[in-house]
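All remarks here apply to the structure that follows.
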Amino acid sequence: MTFRDSRDNKVREDGIKTRSGQKLEAAASLVLADGNLKLKDIVGAPCMGRQGLGLTHFREWGKANPVERRAMIQAEVRGLEEEWKKAKVVGLGSQGAWTRAIYDTLPTPVNLHRWGIRDEPRLPRADTDGAMTKY
Numbered sequence: 395m396t397f398r399d400s401r402d403n404k405v406r407e408d409g410i411k412t413r414s415g416q417k418l419e420a421a422a423s424l425v426l427a428d429g430n431l432k433l434k435d436i437v438g439a440p441c442m443g444r445q446g447l448g449l450t451h452f453r454e455w456g457k458a459n460p461v462e463r464r465a466m467i468q469a470e471v472r473g474l475e476e477e478w479k480k481a482k483v484v485g486l487g488s489q490g491a492w493t494r495a496i497y498d499t500l501p502t503p504v505n506l507h508r509w510g511i512r513d514e515p516r517l518p519r520a521d522t523d524g525a526m527t528k529y
C-alpha cells in the first residue's frame, strides 16, 4: 500500500509486489478492504441500536488524507480477518457437535447408564488388588 500510494511516480509505477505469508494474501485483502471502504462511503454512516444521528464520527474515504486512508485500510483488513476467524469458529462449533454426537453412540459406561443397560454411570473404584480382573 505504501508503494501503490506513493507520491513518487517511479515507485508507484514500478510494480513492487509485497510478499506475505501463506494465510494472508496482501494484494487481495488490500483490494477487498479498499472496495469495502468505498462502499461504506457510498452507503454512509450506519446507526446501530439506539444511536441517534450524528452521535458517532464517520470518516469518509473520499475526504481522508493518505495517512488516514492507510489507517482506515489497516483497520478494515483487521476487521475482515476477525470476521473470517469468527466464521471459522462457528464452523468448528458445529463440527464439535458432530463429534459429540459420534461419542454419544459409543458404549461407554456413562452412555450405557443413559440407555438403561447399566445401573451405575461409572465403573466401581478399584480399591483392592486385582479388582480389574472382573472386567
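Just so you know, this note's numbering puts 470 at position 76 of the sequence shown, and the rest follows in order with no gaps.
Just so it is clear, CB atoms sit at the ideal spot from N, CA and C, and this is done for glycine as well.
{"Query": "Secondary structure of Gln445, DSSP reduced to three states", "Result": "coil"}
{"Query": "Local Cβ density within 10 Å of Ile511, reported as buried at 16 or more and exposed below that", "Result": "exposed"}
{"Query": "Residues near Glu470 in its chain [Cβ-Cβ closer than 7 Å; skip 5 each side]", "Result": "Ala427, Asn430, Leu431"}
{"Query": "Met466 classed as buried or exposed, judged by whether at least 16 other C-beta atoms fall within 10 angstroms", "Result": "buried"}
{"Query": "Backbone secondary structure at Gly487 - three-state DSSP", "Result": "helix"}
{"Query": "Nearest-angstrom Cβ-Cβ length linking Asp435 and Glu462, presumed shorter than 8 Å", "Result": "No, Asp435 and Glu462 are not in contact; Cβ-Cβ is about 13 Å, not under 8 Å."}
{"Query": "Run of the alpha helix (DSSP H) containing Asp428, from where it starts to where it stops", "Result": "420-437"}
{"Query": "Rounded separation between Arg444 and Thr450 - CA only", "Result": "12 Å"}
{"Query": "Lys411 - DSSP class collapsed to helix/strand/coil", "Result": "coil"}
{"Query": "Range covered by the alpha helix (DSSP H) that runs through His507", "Result": "503-508"}
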